[in-house]
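Position 183, counted from 1, in the sequence shown is what my numbering calls 187; the numbers after and before it change by one each time, with no gaps.
First comes the structure, then the notes that go with it.
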Amino acid sequence: MSAFAVGALGTAGATIAQAATGGQASTAPFAAQAVAAQAVAAPAAPRAMWVWDTSTPAATVDLAVSRGIGQLYAAVPPHVDSSPELASLIDLSRRARAAGLRVDALGGDPGWVDNPTRVVDSWLRPALATGLFTGVHADIEPYTGTAWQTKQATVVKKYLATLDTLRTSAGSAPLEADIPFWFDGVAANGSTLDREVLRRTAGVTVMAYRNLAAGPDGSVALSAAEVQAGTQLGRPVRVGQETTFLGDGPADTKQTFFGQTGTQFEAQLSAIAGAFGESPGFAGIAIHDASGYAALAP
């Protein structure tokens, strides 16, 4: 993949070994409080949804409206102004706006950290110049690059600098980012990487990809540190959930609702929302992605 290509990096990030096997979350008091709060009734926050395939605007918007989706992360290619995908993005944005949905420009690649200025010139500015998008959604996932294993501190520094560049260049358009649940265990600037990302963005979606909400390896426990950080820093945090096929191994299947029913999926989403319902940092659920979600059986 080109360093500036747009692809399904949310799935790739969820399937790396650290995300798949590092599932024993902290037993911090906040996590226990969140689980205990499951019985609390709270209004459901509007959901978000990744849309990597933007070729079916009508079906995508119909799905979003029928499932309570309020925000779309729509994949945008580099130089979108000259891309054959522009027509479908225009259609998607118009339909979404007419339905009251927010649409953000989605893109990312681990190579972005090596040349953020080029990213701004080739991706960010052309995307925002279309006038189709309310905000920017970065799915960079620097840990999927080879340098993460040997030069992690350097990559972390470059990643944060890239977010700084994107935020400044985006102007009034809010910048959000995807992060894995284990960023709370990565040191950065005397703090942790999840908090440093939150400080540089208008909010994050934490990829807490598990097909169970409860338990020490469930989505609630895995995302508790990020929701707590969002509460403390005044930033909204969405909890991401996976619906696409990742593989047949145990580490793959536990990360996705692929093969389960929509009813089973909704039960776990309700448990997550109930667990965090009273937390100021919890902004709802994000679903990866539109194609997988639409394919779930009832």
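A virtual CB, placed ideally from N, CA and C, is assigned to each residue, including glycine.
Between the alpha carbons of S126 and P220 lies a distance of about 42 Å.
Looking from the CA of F187, the closest CA among R171, A157, H292 belongs to A157. A direct Cα-Cα distance of roughly 19 Å separates A217 from P50. A78: member of the beta strand (DSSP E) spanning 73 to 79, first to last residue. Counted as a single uninterrupted DSSP element, the alpha helix (DSSP H) harbouring E270 occupies residues 266 to 280. Buried is the label assigned to S283, since at least 16 other Cβ atoms lie within 10 Å of its Cβ. At a Cβ-Cβ threshold of 7 Å, E180 and T154 do not count as neighbours.
In this chain, the alpha helix (DSSP H) harbouring Q156 covers 156 to 174. Across the set V159, D256, L110, R122, the C-alpha of L110 shows the shortest separation from the C-alpha of T209. In the DSSP assignment, R242 falls within the unbroken beta strand (DSSP E) covering 241 to 246. Proximity to T257 across R214, L90, A174, A287 peaks at R214, based on C-alpha coordinates. With respect to the 7 Å criterion, T64 and A79 are not classified as neighbours on the basis of their beta carbons. Three or more beta-carbon pairs separated by less than 8 Å are not found between the segment 255 to 272 and the segment 225 to 243, which leaves the two stretches without contact. By the criterion of a C-beta distance shorter than 8 Å, L170 is surrounded in its chain by P120, V123, V124, L128, V140, A142, L179, once the five residues flanking it on both sides are discounted. Straight-line measurement puts the Cα of A131 at about 12 Å from the Cα of V107. A233 and L197 do not touch by the CB rule: their CB atoms are close to 10 Å apart, not below 8 Å.
Taking a contact as a CB-CB distance under 8 Å, the pair F185 and M211 counts as one, their CB atoms being some 7 Å apart.
Non-local beta-carbon contacts of E230 in its own chain, meaning distances under 6 Å to residues more than five positions away in sequence, involve D198, V210, V241 in chain order.
Under the three-state reduction of DSSP output, R51 falls in the strand class. A103 and G263 have their alpha carbons spaced roughly 30 Å apart. Secondary structure note for A133: its alpha helix (DSSP H) is the uninterrupted segment 129 to 133. Counting along the chain, the unbroken beta strand (DSSP E) around V210 starts and ends at 207 to 211.
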